[in-house]
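Notes follow the structure.
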Amino acid sequence: MPALEATELYRFYHSGDDEVMALRGVALTLDAGEFAALRGPSGSGKSTLLACLAGLDEPDGGVVSVLGERVTRRSEPERARLRARHFGMLMQSGNLFEHLTVRANIRLQMEISGRGRPDEIGGLLGGLGLDGLADALPSHLSGGEAARAGLAVALAAKPAILLCDEPTAEVDEATEQLVIDRLVENCRSGAAVLIVTHSPALAARADRIVDIRDGGIVHG
Ligand code: ADP
Ligand code: ADP
């Protein structure tokens with residue numbers, strides 16, 4: 004059974020009289036332990052695809068399943084349960100609560116998912132080059148630090164499926180390698196990992212490259 008399976012995903016947006024087809028029949032399967040990089044120009048549908056895969060957005064057509072359980076056409080509480088149980092996510096909008104410190108954000112994720120231990124927080128942050136920032140509020144972090152803190156939240160519960168939107172934007176090369184190492188590590192311990200990225204360094208470490216153009220997968 005694949006970790007994540009999407010068949011014939013369609014997503015339309017209406018803006019004024021125009022209709023945008025953000026996804027046009029996307030099929031994608033991710034196995035446990037697989038590390039895939041999702042590439043595509045701005046507006047090609049990457050964020051929409053991630054949101055549909057994670058059950059944050061409901062596609063207009065098609066089915067998403069996680070570990071054999073259907074995510075699409077479920078009530079919001081059921082989708083929330085599936086997200087908490089199976090997914091770690093770093094979305095472009097970020098995933099930190101602004102009024103909570105980095106540590107409190109991570110603890111909250113551990114509580115919601117019922118997995119991970121508070122004594123792992125230090126190691127998690129250190130591994131992402133965030134030593135000393137556990138008690139910082141998100142508003143005091145740089146863009147790159149906030150993305151890595153968001154990644155720490157996504158990794159905290161050791162999810163079966165990890166979906167990240169540009170986790171290495173705004174960081175230097177050394178820090179990027181650190182982030183890539185953590186992603187690969189998670190994958191080797193059995194997670195299915197899908198990363199939206201423009202980074203050649205990250206794509207070079209992926210098992211698989213998926214290219215999307217105008218809402219359709221053209222490769223991978
Ligand atoms: P990127 O190209 O960096 O992925 P986008 O500009 O495509 O970012 O999208 C950023 C956010 O704005 C997304 O959450 C997306 O859903 C939303 N968005 C994109 N295009 C529109 C639009 N035409 N109308 C309303 N929201 C949009
Ligand atoms: P990417 O992440 O690759 O930049 P998106 O998934 O954000 O692409 O967007 C795909 C297409 O859907 C774009 O044409 C974008 O303008 C449009 N779009 C995305 N979100 C919205 C929205 N909320 N309302 C209207 N159009 C949107």
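In case it helps, this note's numbering puts the sequence shown at residues 4 to 223. By construction, the Cβ of each residue, glycine as well, lies at the ideal position given by its N, Cα and C atoms.
Can you have a look at Pro203 and say buried or exposed, based on whether 16 or more other CB atoms are within 10 angstroms of its CB? Here residue 203 corresponds to residue number 200 of the sequence shown, with the count starting at 1. That one is exposed.
Can you have a look at Asp210 and say buried or exposed, based on whether 16 or more other CB atoms are within 10 angstroms of its CB? Mapped onto the sequence shown, residue 210 falls at position 207. Exposed.
Limits of the unbroken alpha helix (DSSP H) element including His89: Within the sequence shown, numbered from 1, the residue matching residue 89 stands at position 86. Unbroken alpha helix (DSSP H) run through His89: Glu79 to His89.
When you compare the CB positions of Leu56 and Pro170, do they come within less than 9 Å of one another, or not? If you number the sequence shown from 1, residue 56 lands on position 53. If you number the sequence shown from 1, residue 170 lands on position 167. Result no, Cβ atoms of Leu56 and Pro170 do not sit closer than 9 Å.
What are the boundary residues of the alpha helix (DSSP H) that includes Thr104? Mapped onto the sequence shown, residue 104 falls at position 101. No alpha helix (DSSP H) contains Thr104, which DSSP labels as neither H nor E.
In terms of alpha-carbon separation, which member of Ala194, Pro62 and Arg86 lies closest to Ala25? Within the sequence shown, the letter at position 22 stands for residue 25. Closest option to Ala25, Cα to Cα, is Pro62.
How big is the Cα-Cα spacing for Arg76 and Gly65? The sequence position of residue 76 within the sequence shown is 73, counting from 1. The sequence position of residue 65 within the sequence shown is 62, counting from 1. So the alpha carbons of these two residues sit roughly 10 Å apart.
I'd like to confirm something about Ile215: is its beta-carbon nearer than 8 Å to some heavy atom of ligand 2, or not? Along the sequence shown, read from residue 1 onward, the residue named residue 215 stands at position 212. Yes, the beta carbon of Ile215 sits closer than 8 Å to at least one heavy atom of ligand 2.
Given Ala107, which residues of its chain have a CB within under 7 Å of its CB, disregarding the five upstream and five downstream residues? Your numbering for residue 107 matches position 104 in the sequence shown. Cβ neighbours of Ala107 beyond the five flanking positions: none.
Examine the Cβ distances between the stretch 184 to 199 and the stretch 33 to 42 and report whether three or more of them are shorter than 8 Å. yes
Please enumerate, following chain order, all residues with a beta carbon closer than 6 Å to at least one heavy atom belonging to ligand 2. Tyr16, Ser18, Val23, Ala25, Gly43, Ser45, Gly46, Ser47, Gly48, Lys49, Ser50 and Thr51
When we look at the beta-carbon of Ala30 and count the other beta-carbons within 10 Å, is it buried (16 or more) or exposed? Here residue 30 is taken as the residue at index 27 of the sequence shown, counted from 1. Exposed, since its Cβ has fewer than 16 Cβ neighbours within 10 Å.
Using alpha carbons as the reference points, say which of Gly117, Val199 and Ile109 lies closest to Leu136. Numbered from 1 along the sequence shown, position 133 holds the residue referred to as residue 136. Minimum Cα distance to Leu136 is reached at Ile109.
On the CB-based measure, 16 or more other CB atoms within 10 Å of its CB, does Pro141 come out buried or exposed? By 1-based counting over the sequence shown, the position of residue 141 is 138. Pro141 counts as buried, since at least 16 other C-beta atoms from the protein chains shown sit within 10 angstroms of its C-beta.
Rounded separation between Asp2 and Gly46 - CA only: Nothing about residue 2 can be read from this structure; the chain reaches only from 4 to 223.
To which residues does DSSP link Gly219 through a beta bridge? What you label residue 219 is simply residue 216 of the sequence shown in a count that begins at 1. Beta-bridge pairing links Gly219 to Arg216.
Residues in the same chain with beta-carbon distance under 7 Å from Thr51, minus the five sequence neighbours each way, listed in chain order, please. Counted from its first residue, the sequence shown places residue 51 at position 48. Around Thr51: Arg14, Ala25, Leu26 and Asp60.
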